[in-house]
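Chemist:
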Amino acid sequence: MSGRIFDLIDLEWLNQANQQIQSGINVETVLQNVPLTDGRIFPTISHKTFKNALNFNQIEIPKLRTGPKPKDPPQELINTVQNLHNKVQKNRNFPGFRPNYNRSSNDT
0 MSGRIFDLID
10 LEWLNQANQQ
20 IQSGINVETV
30 LQNVPLTDGR
40 IFPTISHKTF
50 KNALNFNQIE
60 IPKLRTGPKP
70 KDPPQELINT
80 VQNLHNKVQK
90 NRNFPGFRPN
100 YNRSSNDT
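Position one of the sequence shown corresponds to residue 0 (numbering that gives the first Met the number 0), numbered consecutively onward.
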(Lines of atoms letter the chains of each structure in order from A and count residues from 1; the text may use other names and numbers.)
(Lines give C-alpha, C1' and ligand atoms only; values in the text may rest on other atoms or scores of the structure.)
Protein backbone atom coordinates (compact mmCIF):
# COMPACT_ATOMS: atom_id res chain seq x y z
CA MET A 1 0.00 0.00 0.00
CA SER A 2 1.41 3.36 -1.02
CA GLY A 3 -0.07 5.49 1.79
CA ARG A 4 -1.63 7.92 -0.69
CA ILE A 5 -5.39 7.80 -0.77
CA PHE A 6 -5.78 9.52 -4.14
CA ASP A 7 -4.22 6.65 -6.10
CA LEU A 8 -6.67 4.18 -4.46
CA ILE A 9 -9.84 6.02 -5.54
CA ASP A 10 -11.97 4.10 -8.04
CA LEU A 11 -11.48 5.43 -11.58
CA GLU A 12 -15.14 4.97 -12.59
CA TRP A 13 -16.26 6.94 -9.51
CA LEU A 14 -13.76 9.70 -10.38
CA ASN A 15 -15.26 10.09 -13.85
CA GLN A 16 -18.81 10.14 -12.48
CA ALA A 17 -17.90 12.64 -9.75
CA ASN A 18 -16.21 14.86 -12.31
CA GLN A 19 -19.35 14.85 -14.49
CA GLN A 20 -21.59 15.56 -11.50
CA ILE A 21 -19.49 18.54 -10.43
CA GLN A 22 -19.48 19.93 -13.96
CA SER A 23 -23.27 19.55 -14.11
CA GLY A 24 -23.60 21.76 -11.02
CA ILE A 25 -24.09 19.35 -8.11
CA ASN A 26 -22.65 20.58 -4.80
CA VAL A 27 -18.97 19.59 -4.48
CA GLU A 28 -19.20 18.61 -0.80
CA THR A 29 -22.07 16.24 -1.60
CA VAL A 30 -20.18 14.58 -4.44
CA LEU A 31 -17.01 14.05 -2.40
CA GLN A 32 -18.75 11.87 0.22
CA ASN A 33 -18.76 8.03 0.40
CA VAL A 34 -15.83 7.57 -1.97
CA PRO A 35 -15.25 3.95 -3.09
CA LEU A 36 -11.65 2.73 -3.13
CA THR A 37 -10.20 0.08 -5.44
CA ASP A 38 -9.70 -2.35 -2.52
CA GLY A 39 -13.44 -2.35 -1.71
CA ARG A 40 -13.41 0.08 1.21
CA ILE A 41 -15.53 3.23 1.25
CA PHE A 42 -13.96 6.46 2.44
CA PRO A 43 -16.49 8.74 4.23
CA THR A 44 -15.30 11.99 2.63
CA ILE A 45 -12.31 13.42 0.79
CA SER A 46 -11.03 16.98 0.48
CA HIS A 47 -10.92 19.10 -2.67
CA LYS A 48 -7.13 18.73 -2.73
CA THR A 49 -7.32 14.93 -2.59
CA PHE A 50 -9.92 14.96 -5.37
CA LYS A 51 -7.69 17.18 -7.54
CA ASN A 52 -4.67 14.96 -6.81
CA ALA A 53 -6.67 11.89 -7.86
CA LEU A 54 -7.72 13.60 -11.10
CA ASN A 55 -4.10 14.61 -11.81
CA PHE A 56 -2.86 11.10 -10.98
CA ASN A 57 -5.31 9.59 -13.49
CA GLN A 58 -4.83 12.38 -16.09
CA ILE A 59 -8.45 13.53 -15.97
CA GLU A 60 -9.28 17.17 -16.72
CA ILE A 61 -9.84 19.13 -13.52
CA PRO A 62 -13.16 21.01 -13.28
CA LYS A 63 -13.42 24.41 -11.69
CA LEU A 64 -14.56 23.65 -8.15
CA ARG A 65 -17.22 26.03 -6.89
CA THR A 66 -18.04 25.69 -3.24
CA GLY A 67 -20.58 28.49 -2.86
CA PRO A 68 -23.99 29.05 -4.38
CA LYS A 69 -24.23 29.89 -8.04
CA PRO A 70 -24.32 33.64 -8.67
CA LYS A 71 -27.69 34.97 -9.73
CA ASP A 72 -28.15 37.46 -12.52
CA PRO A 73 -29.36 40.79 -11.15
CA PRO A 74 -32.89 41.79 -12.14
CA GLN A 75 -33.22 44.09 -15.14
CA GLU A 76 -34.79 46.78 -12.94
CA LEU A 77 -31.61 46.96 -10.85
CA ILE A 78 -29.42 47.15 -13.96
CA ASN A 79 -31.55 50.01 -15.33
CA THR A 80 -31.43 51.90 -12.01
CA VAL A 81 -27.64 51.66 -11.80
CA GLN A 82 -27.31 52.78 -15.42
CA ASN A 83 -29.62 55.77 -14.81
CA LEU A 84 -27.61 56.80 -11.74
CA HIS A 85 -24.40 56.50 -13.73
CA ASN A 86 -25.85 58.71 -16.47
CA LYS A 87 -27.01 61.32 -13.92
CA VAL A 88 -23.54 61.51 -12.40
CA GLN A 89 -22.04 61.98 -15.86
CA LYS A 90 -24.51 64.81 -16.65
CA ASN A 91 -24.01 66.58 -13.29
CA ARG A 92 -20.23 66.76 -13.37
CA ASN A 93 -20.38 70.55 -13.87
CA PHE A 94 -22.50 71.46 -10.85
CA PRO A 95 -21.07 74.05 -8.41
CA GLY A 96 -18.67 72.59 -5.89
CA PHE A 97 -17.59 69.65 -8.03
CA ARG A 98 -13.88 69.69 -8.68
CA PRO A 99 -12.31 66.63 -10.25
CA ASN A 100 -8.96 65.53 -8.83
CA TYR A 101 -7.23 65.17 -12.17
CA ASN A 102 -3.44 65.54 -12.10
CA ARG A 103 -3.27 66.34 -8.39
CA SER A 104 -0.73 64.74 -6.11
CA SER A 105 -1.32 64.07 -2.43
CA ASN A 106 0.89 67.08 -1.53
CA ASP A 107 -1.26 69.59 -3.45
CA THR A 108 -3.70 71.61 -1.42
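Beta carbons: idealized from backbone N, C-alpha and C, even for Gly.
Remember, it's a predicted structure, so these values are computed and weren't measured experimentally.
1. Can you tell me where the alpha helix (DSSP H) with residue 55 in it begins and where it stops?
2. Please report the distance separating the alpha-carbon of residue 117 from that of residue 51.
3. Closest by CA to residue 37, which one among 82, 48, 10, 60?
4. Could you check the C-alpha separation between residue 143 and residue 41 for me, to the nearest Å?
5. So, helix, strand or coil for residue 88, using DSSP?
6. Suppose you measure from the CA of residue 0 to the CA of residue 60; what does that come to, to the nearest Å?
7. Apart from the five residues on each side of it in sequence, which residues of its chain come closer than 8 Å, Cβ to Cβ, to residue 35?
8. Can you give the Cα-Cα distance for residue 72 and residue 21, rounded to whole angstroms?
9. Assuming residue 31 and residue 43 make a contact with CB atoms under 8 Å, what is their CB distance in whole Å?
Modeler: The relevant details are as follows:
1. Run containing residue 55: 46–55, per the alpha helix (DSSP H) assignment.
2. What is shown of the chain runs 0 to 107, which leaves residue 117 out entirely.
3. Taking only the C-alpha atoms, the option nearest residue 37 is 10.
4. The structure shown does not extend to residue 143, since the chain is modelled only from 0 to 107, so the question has no answer here.
5. Helix, per DSSP.
6. Low per-residue confidence applies at residue 0: pLDDT is 44, beneath 50, and the placement is therefore not dependable enough to give any value.
7. Excluding its 5 nearest sequence neighbours in each direction, residue 35 has C-beta neighbours in its own chain below 8 Å: 4, 7, 8, 9, 41, listed in chain order.
8. Straight across, the Cα-Cα distance linking residue 72 with residue 21 is about 23 Å.
9. 5 Å between Cβ atoms; contact.
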